[in-house]
Structures are given as C-alpha cells and as structure tokens.
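If you read the sequences in order, they're chains V and W. Count along the first sequence from 1, add 36, and you get the number used in my numbering. Count along the second sequence from 1, add 239, and you get the number used in my numbering. To keep things clear, I will list the structure first and then write my remarks on it.
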Amino acid sequence: MMFVGFGLFFVAWSFAHYQMGSAVRMGPGYFPAMLGGLLILLGAIVLLQSLALDGPKVAAFHFKPLVLVTLSVLAYGYLMQPGGLAIATAAAVFIGALAGHEFKWKEVTVVALVLVIFSYLVFVKGLTLPFPMCPSFIENCPIR
Amino acid sequence: MEVLDNLILGAQVAFSWQNVLYCLVGVLLGTLIGVLPGIGPVPTIAMLLPITFNLDPTAALIMLAGIYYGAQYGGSTTAILVNLPGEASSVVTVLDGYQMARQGRAGPALAISAIGSFVAGCVATLIIATAAPPLAEVALKFGPAEYFSLMVLGLVAATVLAHGSLVKAIAMVVLGLLLGLVGTDVNSGVLRFTFGIPELADGVGFVIVAMGMFGVTEIVANLEQQGKREVFTGKLTHLFPTREDLKRSWAPILRGTGLGSCLGILPGGGAMLSSFASYTVEKKISKHPEQFGKGAIEGVAGPESANNAGAQTSFIPMLTLGIPGNAVMALMIGALMIQGIAPGPQVMTDKPQLFWGLIVSMWLGNAMLVVLNLPLIGMWIKLLRVPYRFLFPSILIFMNVGVFSLSNNPWDCLIMSAFGVFGYVCVKLECEPAPMILGFILGPLMEENLRRAMLLSRGDPTVFFNPMAKPISFSFLLAAVALLVIIALPNIRKKREEVFVEEP
Numbered sequence: 037m038m039f040v041g042f043g044l045f046f047v048a049w050s051f052a053h054y055q056m057g058s059a060v061r062m063g064p065g066y067f068p069a070m071l072g073g074l075l076i077l078l079g080a081i082v083l084l085q086s087l088a089l090d091g092p093k094v095a096a097f098h099f100k101p102l103v104l105v106t107l108s109v110l111a112y113g114y115l116m117q118p119g120g121l122a123i124a125t126a127a128a129v130f131i132g133a134l135a136g137h138e139f140k141w142k143e144v145t146v147v148a149l150v151l152v153i154f155s156y157l158v159f160v161k162g163l164t165l166p167f168p169m170c171p172s173f174i175e176n177c178p179i180r
Numbered sequence: 240m241e242v243l244d245n246l247i248l249g250a251q252v253a254f255s256w257q258n259v260l261y262c263l264v265g266v267l268l269g270t271l272i273g274v275l276p277g278i279g280p281v282p283t284i285a286m287l288l289p290i291t292f293n294l295d296p297t298a299a300l301i302m303l304a305g306i307y308y309g310a311q312y313g314g315s316t317t318a319i320l321v322n323l324p325g326e327a328s329s330v331v332t333v334l335d336g337y338q339m340a341r342q343g344r345a346g347p348a349l350a351i352s353a354i355g356s357f358v359a360g361c362v363a364t365l366i367i368a369t370a371a372p373p374l375a376e377v378a379l380k381f382g383p384a385e386y387f388s389l390m391v392l393g394l395v396a397a398t399v400l401a402h403g404s405l406v407k408a409i410a411m412v413v414l415g416l417l418l419g420l421v422g423t424d425v426n427s428g429v430l431r432f433t434f435g436i437p438e439l440a441d442g443v444g445f446v447i448v449a450m451g452m453f454g455v456t457e458i459v460a461n462l463e464q465q466g467k468r469e470v471f472t473g474k475l476t477h478l479f480p481t482r483e484d485l486k487r488s489w490a491p492i493l494r495g496t497g498l499g500s501c502l503g504i505l506p507g508g509g510a511m512l513s514s515f516a517s518y519t520v521e522k523k524i525s526k527h528p529e530q531f532g533k534g535a536i537e538g539v540a541g542p543e544s545a546n547n548a549g550a551q552t553s554f555i556p557m558l559t560l561g562i563p564g565n566a567v568m569a570l571m572i573g574a575l576m577i578q579g580i581a582p583g584p585q586v587m588t589d590k591p592q593l594f595w596g597l598i599v600s601m602w603l604g605n606a607m608l609v610v611l612n613l614p615l616i617g618m619w620i621k622l623l624r625v626p627y628r629f630l631f632p633s634i635l636i637f638m639n640v641g642v643f644s645l646s647n648n649p650w651d652c653l654i655m656s657a658f659g660v661f662g663y664v665c666v667k668l669e670c671e672p673a674p675m676i677l678g679f680i681l682g683p684l685m686e687e688n689l690r691r692a693m694l695l696s697r698g699d700p701t702v703f704f705n706p707m708a709k710p711i712s713f714s715f716l717l718a719a720v721a722l723l724v725i726i727a728l729p730n731i732r733k734k735r736e737e738v739f740v741e742e743p
C-alpha cells in the first residue's frame, strides 16, 4: 500500500516536472519557467519527505465511482450533438447512477425522465439555451 | 456623510425589483444546494455560475452573493440537522448544533443561527461600506510592483491557512499559477501549453476547472462513503428561542461578529477560520465550558455569526484590490472577469452602481435568509431525506448543462471530467484544491504585473524589495516571508494543526 502511495506521488510530481521542463522551450516565458523551477523544488521536497518519513497511508482509491462519473460527464458532452438532449441526459443519468451503491432500473428511469423534462422546460424553454432536442438524423425536430 | 450617499445609491440599485428578485432566487438556490450534505459554498457557486452569465454584471454578482450566503446558511442547517458539515466552516456548528437537535431543540438552534447570521451580516455590511472606499483609494496608487507583491502575500497567506502540508499547499498554488497561463500569451500572442489543441488557445475555462475540481470530485468522494446519514426526524415544535437562549446568545453573537469581521479581511481567512476561532473563544470565556459539545447554544451562536461576518468581509479585498482571499472570492473574481469587468480598485469608481448595489444587496440577502428560511426549514428537512442516489445524478446533469452551455462544445465536458479526476487524486494525496483555484485566477494577473514592473525598472529585480524606493511592495514581501517562517516553526505548526482538529 505504501509503495502504491509513493508511486502515485512520483507519477503525480514527475508529471509536473515534465510540464516544467518543456516550459522553458515553449514559452516566451520567463514566468512559467520560474514557476516551473519552483514547482520542481517543491515536488522534490514533498517526494523526499514522503520517502524519509513514514507518513500515513494514502487513502484507498475507489475507481468505480470515479470512472463512472467521468464517463457520465463525457457521455453527456459527446452525445449531445449526435443524440440530442434527451438521449444525452438519459445516458448521463444511467451511467452516473451505476456509480451509486444501489441501482434500480425503475428509480433511475424515473429520475432520468424527470431530468429530461426538467432540462427541456427550464434550460431549453426557460433560459433558451440552444440545445438540440432530437437526434441529429431527424431533420425537422417536432419538439422545439 | 459620503457613506450614506453611497448606501442610498446602492439601495436604489439593490431594491429595484429585478435585483431583489435575483437576490431572492440566489438565496433560495444557494440554500437549496447548500443544504445538500457535502456540498459547500464553493461547489454550489461553481455549479450555479453559468446561470448568471446572461444577466447584467450587477444582477449577476448580486445573485452570486445571494447564492454564497444561501449556501453558507444551508450548510449550517445540514450541520444542525444531520450531524454532517456541509462545508468546512460549519464543522464547529455540528458539535453543539446537532446535540441541540437531539435534545429536541433544533428549532432554536436554527433560529439562533439565522439571527446570528443576520446580525453579523448587518454589521459586516456596514464595515464594508466604511472600510472599502479608503482602501480602494490606497490601492489606486499601487503600481505593478506593489500588485505583484500583494498577490504573493495573498497566496502565501492562503496556503498558510489551508490545512495539511504547507509544501503541498504551495505546490498547488504554483500548479494553479501555471495552469492559469495556458492559452495565448497576452504580450506576445504566442500559444503556450496548448499542445496544438485549438480549444486551449483561450486557456482553460475557469468555471470548468472549478466545477471539475469541486463538483465532480465532491460527487465521487461522497459516493465512496457508504455510511448512512442520520437525519433528524423529530418534529420541529417550537422554532423560536426562549428568552434564556437569547440572553445566552447575544454576547457570543456580537463577539463572533467582531472576530469574523476582522478575520474575514485577512487573505486566506474568511468563514472557516472565523468559525473555528469563535468557537475556541466562546469555550474559553464561557462560565460553563463543560456544556460545550453537549448542546450549548453559545457554541452555535458564536461560530455561526462569525462565519457569516467573515464571509461578508472577505468581499473587501476582492472588491477593493481585486485579489481573492479564498476560493469563493476567486470564483467571484472569475465571474467578474466573465462579465468583462477587470477586478481591482477601479471597480468602485467606474461602476458605483455595481459596487454599492452589491453591498446593499448583501444586507438585503441576509434579511431574506431570516425571513425565508425560518418558515422553509420544514422543506429543507424533507430535502435532506431524499436519498443521495436520486440527488447526485441530478447534480451531475446540472453541472453538465452548465458546462456544455458555455460554448456548446463537448471539449468542455472532457476538460471538466479531467479536472474531476485530477481533483480526486489531489484529495486522496491530501493536496487542497482551494489554493490551486486561487493560483489559477491570479496566474495571468501576476505574470502581467511582474512583466510590467520589470519593464518599468528595466529588468532590475530589486524593484520588489527595495525598502527605499518601494516601501509598500517591500513590506508586503516581508510580511509574506514572515508568515512562511512563522508557520514553518515547529511550535506554531503544532498549534495550527490543533486549530484544525475537529474535536476541540
């Protein structure tokens, strides 16, 4: 467990290092390079501290909710254009709900339905956001 | 009485029916979302930011401020009824508030917290009205060097007051500064850190980062906690505090207000520090400290007033200097910028309607909180009983709508989820996301001021710390260094850790 923690630290901070390294080349940037240097220094301190001291364990990661919630957000974004508001919302709700402790089809369906109707009334009708309602292959969308 | 004239101007703006309406909607929405356990003011504001984009700047800020104290108050409600702090600043409210609820005195606890907040809000509004103009006048004389040093001080103070490792907090600030630089360089027009992705040319959207780091992360973190919530189920019989309660609370309310008002102005201060400090003070001077933690009304009255006062006065540095003292104010600055207003001392002179309207609306919003929330408490309790499995998909959808509506581009959703993952990793590694948001907002500002200062001094770095030529800049930097040194000393570090331990 401890090793995982160190590994994560290392990955997180060396990722930061990489960014800084390239900063000098990329930027018309005095400032980014300066900050980058500072970050390398701080990252090194954190790394050394975590190696030297037997700190508390890094809390366990729960990947299931993380992945599902992320997927849910992505589904919403990428289904909006081809699929329309209804499909995107429903997909996001279903994927997101899988991350919960209990998953009941009926309940989730109701939640999804309520949210689709709510989004339509409040965001599309009320705030007039330009969201497509129908999938893009239906040319003349009946719902406007 | 210039202050009075200004307040009258503000009142004219704030009491126009649209602004009253926006304030009302803000307070209601803020409370509604703030009541949900585990969602504090920062994610609430981040989530609701997109709603305000279509409004004019004054209305948008009035609404956001309303959302802020609504969320703050909602957090206290949750703390008292569910034994679960909605946010860091109501952690201490949980201690005595929930005990009061268990003794069947949830009504008085909620009422006292509302009354305390209102008193604090009134006083803090007056403080802002009197303190802001002279401060802004001073700030107008600041050159780029002073600004840069002030920002350094602000960021240092913010990290000092974050809990957890100091080094990590500073590292997060630096990371935030760097992320803030993504996009087109203002001076040379060169694209930086965009990796050839056209969407990154304008930089990473502030709202998106905030929603990812706070909203998405919050949901995931809540989902992994299996525990059942213990919701107060008894009936709220008598809402109003007894005369005895009032007698015991008025002094803590006043003390909390004073304490909160002072601490709120400090960079990095604000609501959380104020409530902790107030609780400690009340416990120290109370005649019966043994009652604390067992339902002492002072333990609710003091911190609740303090956190509201602190929340209000933390607007002062934001409005006058354009420098956010905490994550909420960073969001407010973000909102200002989105509205096309450059934050800084000139806001008060250029846009007096906005400035004074906002201040008067703070008072109005606090009054609304008392009037609205006492009758609505029953509704909030019902809301608390809604299982989280219904709530979180809804929150998720609202965030999606908000982000997607920014530019109708799925890219924004991708970035938000990326920051959600990053925020989750940060939480797991005990790196606070709040300092990063501060850095993110200040990054471009700092760079610009640094460049300007260097240009004016022809590359001479001593402009920042030459006590003769630039005494103000020098003293800011000195203060920043002093703060760092003090915190690094082992003795004080222990004390600081004690302050942030939940059980006093």
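Quick reminder that beta carbons are idealized off the backbone N, C-alpha and C, glycines included.
Item to complete: Under 9 Å between beta-carbons, which chain C residues line up against W:I458? List them in chain order, please.
Response: Absence of chain C from the displayed structure is noted, the protein chains being V and W.
Worksheet entry | Helix, strand or coil at W:D295 [DSSP, three-state] | The residue given as residue 295 of chain W occupies position 56 in the second sequence. Looking at W:D295 - three-state DSSP - the assignment turns out to be coil, as it is neither helix nor strand.
Item to complete: Only counting runs of 4 or more residues, tell me where the alpha helix (DSSP H) segments fall wholly within the region 584-631 of chain W, in order along the chain.
Response: 585-589 and 591-624
Practice prompt. Find the residues of chain V that neighbour W:M390, judging by a C-beta separation of less than 9 Å, and give them in chain order.
Written response: By one-based count along the second sequence, residue 390 of chain W stands at place 151. Per Cβ cutoff of 9 Å: no residues; W:M390 is ~12 Å from chain V at best.
Worksheet item: Just how far apart, CA to CA, sit W:L414 and W:I247?
Response: On the second sequence, position 175 is the one that residue 414 of chain W refers to. On the second sequence, position 8 is the one that residue 247 of chain W refers to. Rounded to whole angstroms, W:L414 to W:I247 spans 43 Å at the Cα level.
Worksheet item: In whole angstroms, what separates the C-alpha of V:P64 from that of W:A397?
Response: Within the first sequence, residue 64 of chain V is the residue found at index 28, counting from 1. Within the second sequence, residue 397 of chain W is the residue found at index 158, counting from 1. Its pLDDT being 49, under 50, V:P64 is placed unreliably by the model, and the measurement read from it follows with that caveat. Near 29 Å, if we compare the C-alpha coordinates of W:A397 and V:P64.
Practice prompt. Quick one: residues in its chain with C-beta nearer than 8 Å to the C-beta of W:V666, no 5 flanking neighbours on either side, listed in chain order?
Written response: Numbered from 1 along the second sequence, position 427 holds the residue referred to as residue 666 of chain W. Hits under 8 Å: T456, A460 and P672.
Practice prompt. Have a look at W:L260, W:M411, W:G573 and W:C652 and flag the residue whose alpha-carbon is nearest the alpha-carbon of V:L128.
Written response: Position 92 of the first sequence, counted from the first residue, corresponds to residue 128 of chain V. What sits at residue 128 of chain V in the sequence shown is Ala, not Leu. Nearest neighbour of V:A128 by Cα position, chosen from W:L260, W:M411, W:G573 and W:C652, turns out to be W:C652.
Discussion item. Considering Cα atoms alone, identify which of W:A299, W:P582, W:P347 and W:S352 is closest to W:G313.
Written reply: Translated into positions along the second sequence, residue 313 of chain W becomes position 74. Looking at the Cα atoms, W:S352 is the closest of the given residues.
Discussion item. Assuming W:G305 and W:G604 are in contact, meaning their beta carbons sit under 8 Å apart, how far apart are those beta carbons, in whole angstroms?
Written reply: On the second sequence, residue 305 of chain W is found 66 positions in, with the first residue counted as 1. On the second sequence, residue 604 of chain W is found 365 positions in, with the first residue counted as 1. W:G305 to W:G604, Cβ: 5 Å. Contact.
Discussion item. Can you check whether the C-beta of W:F744 is within less than 9 Å of a C-beta belonging to chain V?
Written reply: Nothing can be reported for residue 744 of chain W: it is not among the residues displayed for chain W, which extend from 240 to 743.
Discussion item. Residues of chain V with CB closer than 7 Å to the CB of W:M655, please, in chain order.
Written reply: As a position in the second sequence, residue 655 of chain W is number 416, starting the count at 1. Result: V109.
Discussion item. Are the CB atoms of W:G355 and W:S525 within a distance shorter than 9 Å?
Written reply: What you label residue 525 of chain W is simply residue 286 of the second sequence in a count that begins at 1. What you label residue 355 of chain W is simply residue 116 of the second sequence in a count that begins at 1. Not closer than 9 Å, so no.
Practice prompt. Please name the residue, chosen from W:A490, W:E687, W:I536 and W:F631, that lies closest to W:L462 on a Cα-to-Cα basis.
Written response: Translated into the one-based positions of the second sequence, residue 462 of chain W becomes position 223. That would be W:F631, whose Cα lies nearest to the Cα of W:L462.
Worksheet item: Where does the unbroken alpha helix (DSSP H) through W:V455 begin, and where does it stop?
Response: Within the second sequence, numbered from 1, the residue matching residue 455 of chain W stands at position 216. Per DSSP, W:V455 lies in no alpha helix (DSSP H) segment and is marked neither H nor E.
Worksheet entry | CA-to-CA distance, V:V103 to W:L695, given in whole angstroms | As a first step, residue 695 of chain W is located in the second sequence; it is residue number 456 there, counting from the start. As a first step, residue 103 of chain V is located in the first sequence; it is residue number 67 there, counting from the start. Taking the straight line joining both Cα atoms gives about 50 Å.
Fill in: Top-ranked residue by Cα proximity to W:E687, from W:C262, W:K590 and W:G382
By one-based count along the second sequence, residue 687 of chain W stands at place 448. Nearest option by C-alpha distance: W:G382.
Worksheet item: Exposed or buried, V:R61, counting other C-beta atoms within 10 Å across all chains shown (16 or more means buried)?
Response: Within the first sequence, the letter at position 25 stands for residue 61 of chain V. Caution applies to V:R61, whose pLDDT of 41 falls short of 50 and renders its modelled position unreliable; the value that the coordinates give is listed next. The residue in question, V:R61, is exposed, as its Cβ has fewer than 16 Cβ neighbours within 10 Å.
Fill in: Given W:P584 as reference, the closest of W:T559, W:I536 and W:M576 once Cα atoms are compared
Taking the second sequence and counting its residues from 1, one reaches residue 584 of chain W at position 345. The shortest Cα separation from W:P584 among W:T559, W:I536 and W:M576 belongs to W:T559.
Worksheet item: Which residues in chain W sit within 9 Å of V:T125, going by Cβ to Cβ distance?
Response: Indexing the first sequence from 1 puts residue 125 of chain V at position 89. Listed along the chain, the chain W residues whose CB falls inside 9 Å of the CB of V:T125 are I636, N639 and V640.
Worksheet entry | C-alpha distance - W:L635 paired with V:L110, whole-angstrom precision | Sequence index remark: in the second sequence, residue 635 of chain W carries index 396 (1-based). Sequence index remark: in the first sequence, residue 110 of chain V carries index 74 (1-based). The alpha-carbon atoms of W:L635 and V:L110 are separated by roughly 11 Å.
Discussion item. By the DSSP assignment, the alpha helix (DSSP H) with W:F381 in it spans what residues?
Written reply: Position 142 of the second sequence, counted from the start, is the residue given in the question as residue 381 of chain W. Segment: none, W:F381 is in no alpha helix (DSSP H) and carries neither H nor E.
Fill in: Among W:L570, W:L622 and W:L716, the one whose alpha carbon lies nearest that of W:F679
By 1-based counting over the second sequence, the position of residue 679 of chain W is 440. Checked all of W:L570, W:L622 and W:L716; the closest Cα to W:F679 is W:L570.
Item to complete: Taking W:P710 as the reference, give the member of W:L303, W:K380 and W:P372 with the closest Cα.
Response: Start at 1 with the first residue of the second sequence, and residue 710 of chain W comes out as number 471. Nearest C-alpha to W:P710: W:K380.
Discussion item. Just verifying my parser: in three-state terms, what is the DSSP assignment at W:L246?
Written reply: Here residue 246 of chain W is taken as the residue at index 7 of the second sequence, counted from 1. The answer is helix: DSSP assigns W:L246 an H, G or I state.
Discussion item. Here's the rule: buried if 16 or more other CB atoms are within 10 angstroms of the residue's CB, otherwise exposed. What is V:A59?
Written reply: Your numbering for residue 59 of chain V matches position 23 in the first sequence. Here V:A59 scores only 41 on pLDDT, less than 50, and its place in the model is too uncertain to base an answer on.
Item to complete: Below 8 Å on the Cβ atoms is my guess for W:A548 versus W:S513; work out the distance and round it to an integer in Å.
Response: Counted from its first residue, the second sequence places residue 548 of chain W at position 309. Counted from its first residue, the second sequence places residue 513 of chain W at position 274. Approximately 7 Å separates the beta-carbon atoms of W:A548 and W:S513; this is inside 8 Å, confirming the contact.
Worksheet item: Which residues in chain V sit within 8 Å of W:V455, going by Cβ to Cβ distance?
Response: Mapped onto the second sequence, residue 455 of chain W falls at position 216. Those are V105, T106 and V109, listed as they occur along chain V.
Fill in: W:K522 - DSSP class collapsed to helix/strand/coil
In the second sequence, the residue the question calls residue 522 of chain W occupies position 283. Helix at W:K522.
Item to complete: With a threshold of 16 other CB atoms inside 10 Å of the CB of W:D335, please say whether the residue is buried or exposed.
Response: Translated into positions along the second sequence, residue 335 of chain W becomes position 96. The residue is buried, with at least 16 neighbouring Cβ atoms inside 10 Å.
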